[in-house]
Amino acid sequence: MADTLIEKVLARACGAETVAPGDVVTCDVDLSVLIDTQFLAGRLDDVVAVYDPDRIAIVMDHAVPAPSIRDAESGRGARAFAAKHHIERFFDIGRHGIVHQVLAEEGLARPGMVIACTDSHTCAAGAVGAAARGLGPIEMLQIICTGRTWYEVPPTVRYDLTGCLPGGVSGKDVFLFLAGRDGEASGHAVEFGGPGLEGLAMSDRRTIATQGAEIGADFTIFPSDERCLNAVSQAAPDAELIPVLPDAGADYAAQRAIDLAEVSPMVALPGSVIDNAQPVGDVAGTPVDQAFIGSCANGQLADLEVAARVLKGRQVAASTRLIVTPASQRVYAEAARRGYLADLVDAGATVTNPTCGACFGYAMGVLGPGEVCITASTRNFKGRMGSPEAAIFMASPATVAASAIRGAISDVREIAEAPE
Amino acid sequence: MSAAGTGLHVRGRAWVFGDEVNTDEMFPGFANRLPIKEAAQTMFNASRPSWPALVRPGDIVVAGRNFGLGSSRPVALLFQQLGVSALLAEHINSLFFRNSINYGLAALTVPGITAHVTEGDELVVDVTAATVVNIRTDTQLTGAPLPEFLLSILRAGGLSAQLERAGHLRAPVPIQPAVHAPTAR
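Taken in order, these protein sequences are the chains called A and B. Counting in the working numbering, the first sequence runs from 206 upward without gaps. Counting in the working numbering, the second sequence runs from 366 upward without gaps.
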């Protein structure tokens, strides 16, 4: 039987020779990750014993440092849980980051692994060929107690990439392009491959994999090619890596092509990304009150680098506020060492501590009624970042940075080419 | 009333929502820090703010395609707080689907349901058989039956009850009787 990438990973994980779409399989979970918000009312105090403390990590990300007493209580809960159950992989405030970024940096996400976490963007680890998806908080309780859960093997949509991304265009634009052109992928795995993959940076892959959740995909998954294996072994030098590739002749529900050279800066209109993204020119000139670069999708070092490059020596428009939130302490430190943070702050950006931040309208960068935001984060749902009467456009860090300079949605290619 | 409490049969009035109702619409971000009872009053605050006050125990929520796209926040707990007994949709996001079942809230994929039901209709749902009878129109639709292991979660009243029974979770400390209870004397 020729298997797609997700079928390969799930077959191994459930101990079967092969699996097919529609099969419900029970798998050992290689890594279970708890996040701070789960300790709010998640009954973690009631857990009798965890199945294996070495296969569990705790990452503080959504509401750190605590913006409220309740969040402070959840932090206390997380620390007590880590101590009680001897969880060594505890990424508390100061060595933390957004969970998906931390898994990548620490080399905890590896090809072929099954990874469970309650955050819906857990599919980010598909960038390194893991079967990773968001599961509900109560299901995470089951997994940390038993080490197992179930998956329904989804049919796979395959994207074959060719060509190279032009300047000013990134993984975000690729994702918005496919969401706008092809719409939802509910209940499917989305697999990427093709000769264009070779030139696609891990940061771009991670953005694309992360955002699979927005088109309803169960999994987004990339093959473990040389670039992937290099990145993982750099993060986890001692790890024994087993590459996972799809079989030739695997059965796909759909096969689609994207010529990366043809992708241009894209913007998703407020509401959803599904069937709702357009080339930047269609909405250029729309005034923006807030611009945000951050989240598990776009708070990576590469994202801050591109923003700093666009903003260096320029100023954020007086009518606009720009918030930049590094995805992790490591990103924060490296961006500081390389001078990106200074360039951003000099340009008038507010650089915050690493956290999920403005992405989910909880603790900072909250939008007011009637405001317009352009964001390089994960979701543009109505009300996602604050008031339901705010409008959220979504674009790449480069487009967001360019828009912040002009105070209106702008094509970064015009800014980059403009004389100083 | 939950599906578990009625032998996986529920009966109630239908509330009909459209396609792509996302989790943030049902459970706004700011409500994450509220106790469930209060968070339930914020459901659909952007699109239908008066709704939580109109729901009666036993009511059934009907939705279109891609129901529950979004995050893993426990929306089912809010529905249960308001007394919603089942979710029926043309198609349900897989994370939202398993999250609902795991909290003991019946969720069924029923193709054609939005054309079959007008808001306010009285519906009778046999969760095990995945059938929905519309009392007003006297018609029946059949959805995708749930596998036995998911039905058993619903019968148990949710995954936490199952985990308690299996000895993985300690049962919550029972609430102390109120000192001013009328039976105190």
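Built from N, CA and C at the ideal position, the CB exists for glycine as well.
Item                                                                                                              : Value
Endpoints, the alpha helix (DSSP H) within which residue 537/A is located                                         : 534-542
Residue 447/A beta carbon less than 8 Å from that of residue 316/A                                                : yes
Where residue 214/A sits in the DSSP three-state scheme                                                           : helix
Distance, residue 382/B Cα to residue 582/A Cα                                                                    : 27 Å
Option nearest residue 495/A by Cα separation, candidates 509/A, 422/A, 599/A and 437/A                           : 599/A
From 474/B, 410/B and 468/B, residue whose alpha carbon lies closest to that of residue 517/B                     : 468/B
Burial state of residue 514/B (16 or more Cβ within 10 Å)                                                         : exposed
Under 8 Å between C-beta atoms of residue 379/A and residue 459/A                                                 : no
Below-8 Å beta-carbon distance, residue 395/B vs any chain A residue                                              : yes
Proximal chain A residues relative to residue 424/B, where beta-carbon distance stays under 9 Å                   : Residues of chain A passing the Cβ test: none, with the nearest at roughly 22 Å.
Where the alpha helix (DSSP H) containing residue 602/A begins and where it ends                                  : 602-611
Alpha helix (DSSP H) segment containing residue 499/B, residue limits                                             : Run containing residue 499/B: none in the alpha helix (DSSP H); it sits in the beta strand (DSSP E), 496-499.
Residues of the stretch 584-609 of chain A whose Cβ lies closer than 9 Å to any Cβ of chain B, in chain order     : 584, 586, 587, 588, 589, 590, 591, 592, 593 and 594
contact_flag[the stretch 510-522 of chain A, the stretch 549-568 of chain A] where n(CB pairs < 8 Å) is 3 or more : yes
Minimum Cβ-Cβ distance from residue 533/B to chain A less than 8 Å                                                : yes
Assumed close pair residue 220/A, residue 250/A - CB separation to whole angstroms, cut-off 8 Å                   : Going by Cβ atoms, the distance from residue 220/A to residue 250/A rounds to 33 Å, so no, they are not a contact pair.
Own chain residues within Cβ distance below 6 Å of residue 469/A, not counting five before or after               : 484
Minimum Cβ-Cβ distance from residue 304/A to chain B less than 8 Å                                                : no
Chain A contacts from the stretch 468-486 of chain B (Cβ-Cβ distance under 8 Å)                                   : 468
Distance, residue 206/A Cα to residue 454/A Cα                                                                    : 9 Å
Neighbourhood of residue 479/B by C-beta, 7 Å cutoff - its chain only, sequence neighbours within 5 removed       : 381, 427, 429 and 455
DSSP beta-bridge partners of residue 471/A                                                                        : 484/A
Residue 398/B at chain A interface by Cβ criterion, 8 Å                                                           : yes
Residue 405/B versus residue 594/A - alpha carbon distance                                                        : 20 Å
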